[in-house]
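In terms of this note's numbering, the sequence shown opens at residue 80 and continues consecutively. Worksheet: the structure to be examined is printed underneath.
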Amino acid sequence: MPDLGPRVLDLFSCSGGAGWGYHLAGYAVDGCDIADRPRYPFPYHRGDALQYLAHLIATGDIERYTLVHASPPCQAGCALTVGTNRSQGWGGIHEDLVAPTRVLLDRTGLPYVIEQPNGKAEIRKDLTLCGEMFGLGVLRHRNFELGRWATSRPVHPKHRGYVRGWRHGIYRDGPYLAAYGDGGGKATIPEMQAAMGITWTHVHEELTEAIPPAYTRWIGIAFLTARQEALA
């Protein structure tokens with residue numbers, strides 16, 4: 080019997096934080112990333128995400144999907160790297176893949192989600208999600224552009240305190256962990272796993288790049304709700 084449930088294509092999938100959230104929301108998940116991701120918990124294509132998406136469009140295989148999620152790298156616009164790049168004279172070394180990703184996503188004719196961290200990436204911030212919205216041990220703000228669908232923006236609650244660690248020579252304790260970098264009070268691997276709800280990888284780089292699955296679980300459910308309301 081064919082699988083008639085929702086299916087999401089998870090582009091630039093990294094270790095699967097986004098994919099796992101859609102899985103929790105009831106989707107079948109297929110991933111694609113240019114790097115080897117042996118811990119990715121779903122069927123997975125290793126290769127250039129944009130080339131793969133173009134192939135799926137050309138062959139018509141894109142029609143298998145209900146929704147496409149993309150987290151294109153945009154280090155040139157990320158708030159965590161912009162200042163460092165400028166201070167080191169590194170400007171322009173990172174390729175911005177957001178715009179070409181959007182072009183191909185528009186060609187699919189499918190609803191889609193583009194995810195980016197806070198920074199200067201040129202996306203429409205239809206949603207901004209934060210760990211405090213889900214009772215997580217990280218803040219990890221992420222912005223989402225929604226293509227061909229819409230949903231209401233959830234209330235962003237007040238943060239309960241500081242992110243633990245050193246900043247500008249001052250150490251502060253707090254209820255949130257810094258799930259990036261090393262040292263200076265940054266979160267350990269077990270702390271990051273617990274704070275974000277990610278148990279299938281213990282690789283530091285993958286954890287620091289991941290988004291908490293709670294975000295895409297919320298998005299996945301919101302999309303299915305919006306689709307059902309549109310069909311009613």
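From the three backbone atoms N, C-alpha and C, an ideal C-beta is built for every residue, glycine too.
Specify whether the region 110–122 and the region 137–149 touch according to this definition: at least 3 beta carbon pairs, one from each stretch, less than 8 Å apart. Three or more Cβ pairs closer than 8 Å define a contact, and the region 110–122 falls short of that threshold against the region 137–149.
Here's the rule I'm using: 16 or more other beta-carbon atoms within 10 Å means buried, otherwise exposed. How should residue 178 be labelled? The residue in question, residue 178, is exposed, as its Cβ has fewer than 16 Cβ neighbours within 10 Å.
In or out: residue 87 buried (at least 16 other Cβ within 10 Å) or exposed? It is buried - the Cβ of residue 87 has at least 16 other Cβ atoms within 10 Å.
Count the other CB atoms within 10 Å of the CB of residue 174; is the residue buried (16 or more) or exposed (fewer)? Using a 10 angstroms sphere on the CB of residue 174, the tally of other CB atoms stays under 16, which defines it as exposed.
Quick check on residue 209: buried or exposed, where buried means 16 or more other Cβ atoms within 10 Å of its Cβ? Buried is the call here.
Let me make sure I understand the geometry here. Which of 201, 246 and 276 has the alpha-carbon closest to that of residue 262? Nearest of 201, 246 and 276 to residue 262, Cα basis: 246.
With distances taken between CB atoms, is the gap from residue 110 to residue 95 smaller than 8 Å? Judged by beta-carbon spacing, residue 95 lies within the 8 Å limit of residue 110, meaning their Cβ atoms are closer than that value.
On the premise that residue 257 lies in contact with residue 215, defined as a C-beta separation below 8 Å, what is that separation, rounded to the nearest angstrom? Actually they are not in contact, since the Cβ atoms of residue 215 and residue 257 sit about 13 Å apart, beyond 8 Å.
Taking buried to mean at least 16 other C-beta atoms within 10 Å of its own C-beta, is residue 152 buried or exposed? Around the Cβ of residue 152, a 10 Å sphere holds 16 or more other Cβ atoms; the residue is buried.
How many Å lie between residue 176 and residue 220 at the Cα? Whole-angstrom Cα-Cα distance: 20 Å.
When the distance is taken between beta carbons, is residue 235 closer than 8 Å to residue 207? Contact: yes.
Can you tell me whether residue 250 is buried or exposed? The criterion is at least 16 other CB atoms within 10 Å of its CB, across all chains shown. Exposed, because fewer than 16 other Cβ atoms sit within 10 Å of the Cβ of residue 250.
So, residue 227 versus residue 286, is the Cβ gap smaller than 8 Å? No; because the gap between Cβ atoms is not below 8 Å, this pair is not in contact.
Could you pull out every residue in the same chain whose Cβ sits closer than 7 Å to the Cβ of residue 266, ignoring the five residues on either side in sequence? These residues qualify, in order along the chain: 256, 257, 258 and 274.
What is the DSSP secondary structure of residue 207, reduced to helix, strand or coil? Strand.
In three-state terms, what does DSSP make of residue 185? Helix, per DSSP.
When you compare each of 232, 241, 282 and 264 to residue 294 by their alpha carbons, which one comes out closest? Checked all of 232, 241, 282 and 264; the closest Cα to residue 294 is 232.
Looking at the structure shown, is residue 213 part of a helix, part of a strand, or coil, going by DSSP? Residue 213 falls in the helix class under three-state DSSP.
Same chain only: Cβ atoms within 6 Å of residue 290, ignoring 5 sequence neighbours per side: Here the set comprises 96, 97 and 221.
As assigned by DSSP and simplified to three states, the class of residue 223: Strand, per DSSP.
Span separating the alpha-carbon of residue 184 from that of residue 248: CA-CA distance, residue 184 to residue 248, rounds to 44 Å.
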